[in-house]
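Enquirer:
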Amino acid sequence: LAKEWTLVLFSLAASGLIAWQAAGVTNNTPISPIAFILLALIAIVLTTVHVGKKFRIWRFILNIKGSWLSREIVSFSAFFGLGALSLFMKDNLLGIGSLLSFIDSRVVGIAAIVFGAFTLVSIDMVYKFFIRKDTLHLHSAMVCITGPLLFAWLANMPLLIGALTLIKAVLYIYRKQSLHKQNVAYRPTISFIRISTLALPYIALITMPMTSLFVLLPFVLLGEIIDRSEFYYESEVRTPQGELSFSQQSVL
């Protein structure tokens, strides 16, 4: 896990950015262009640190048909570019809104969301070849679930939050039971904290709807960090280095 912390943070940063963009386009959730760009750049640095600096970008582009890592990098780059462009157009920063007045910033934002959704799929598919300590095909830390959950929180959709929280809780508890039956360490204290970070924010949202998102969201993010960390700890996955080597061999 010590070697995978950058992937934990990248996965959550990407999920959060995509959710933020989607909430901004569909629910007018405020988005700071500067914060968006800074977080995206941090996410890019995190994944670059893990993959390494020896690759050449053309290898990813050439092998986009055969590598989910290539698709992840290309789709996230497209999401970042289109997402930032839509924000600059919306606020007319640097006069970009006036320059591209013939295009609706919302359309560009929707295009960014499409690439963002494909990014989430690609992130999960990078790890399709791995050895799990449990027998489930789905995992509660999959970004295809985490992204929509964060979107639901940012867009203030209690029903969707409840549904996705329930899905995550069921998958998490089932996985822990599977590990326990196999006499594999399932870390009950950490598991309790994880379940609490799913249940308590939602309970607070329902019983105290005026509670600030800035109070609830840190607990949600803490739980996602725990879950994603356990995903790497409980699995032997094909990491980006291995996927990269496979990708380069396919191209060469």
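Under my numbering, the first residue of the sequence shown is numbered 98, with each subsequent residue one higher. Just so you know, even glycine gets a beta-carbon here, dropped at the ideal spot from N, CA and C.
1. For the structure I just gave you, are there three or more beta carbon pairs, one from the region 257-268 and one from the region 286-299, closer than 8 Å?
2. Using the rule of at least 16 other Cβ atoms within 10 Å of the residue's Cβ for burial, across every protein chain shown, is residue 242 buried or exposed?
3. Tell me whether the region 221-233 and the region 116-135 touch, counting them as touching only if at least three CB pairs, one residue from each stretch, are closer than 8 Å.
4. Are the CB atoms of residue 138 and residue 110 nearer to each other than 8 Å?
5. Report all residues from its chain with a CB closer than 6 Å to the CB of residue 266; omit the five preceding and five following residues, and keep chain order.
6. In three-state DSSP terms, what is residue 163?
7. Among 197, 216, 166, 209, which has the Cα closest to the Cα of residue 123?
8. Could you check if residue 105 is buried or exposed, using at least 16 other CB atoms within 10 Å of its CB as the buried criterion?
9. May I ask you to verify whether the region 316-333 touches the region 281-291, counting CB pairs closer than 8 Å and requiring at least 3?
10. Less than 6 Å between C-beta atoms, sequence neighbours within five positions excluded: which residues of the same chain meet that for residue 119?
11. First and last residue of the alpha helix (DSSP H) that includes residue 269?
12. In chain order, what residues of the same chain have a beta carbon less than 6 Å from the beta carbon of residue 217, not counting five sequence neighbours either side?
13. For residue 167 and residue 161, I'd like the C-alpha separation in whole angstroms.
14. For the alpha helix (DSSP H) holding residue 306, just list the boundary residues, first then last.
15. Which stretch, first to last residue, makes up the alpha helix (DSSP H) that contains residue 245?
16. Hey, residue 186 and residue 171 are a contact pair by Cβ (cut 8 Å); roughly how many whole angstroms apart?
17. Residues in its own chain within less than 6 Å of residue 121 by CB, not counting five upstream and five downstream?
18. What are the boundary residues of the alpha helix (DSSP H) that includes residue 281?
19. State the Cα-Cα distance for the pair residue 125 and residue 303, rounded to the nearest angstrom.
20. I need the straight-line Cα distance from residue 282 to residue 324, nearest angstrom please.
Expert: Judging by the given coordinates:
1. yes
2. buried
3. no
4. No, they are not a contact pair.
5. 295
6. In the three-state reduction of the DSSP assignment, residue 163 falls in the coil class, being assigned neither a helical nor a strand state.
7. 209
8. buried
9. The region 281-291 and the region 316-333 touch, with three or more beta-carbon pairs separated by less than 8 Å.
10. The answer, listed in chain order, is 210, 248.
11. 255-278
12. Around residue 217: 240, 241, 244.
13. Those two C-alpha atoms are separated by around 5 Å.
14. Residue 306 -> no alpha helix (DSSP H), and no H or E assigned at all.
15. 240-251
16. Contact flag wrong, Cβ pair sits at about 22 Å.
17. 128
18. Segment: none, residue 281 is in no alpha helix (DSSP H) and carries neither H nor E.
19. 22 Å
20. Taking the Cα positions, residue 282 is about 15 Å away from residue 324.
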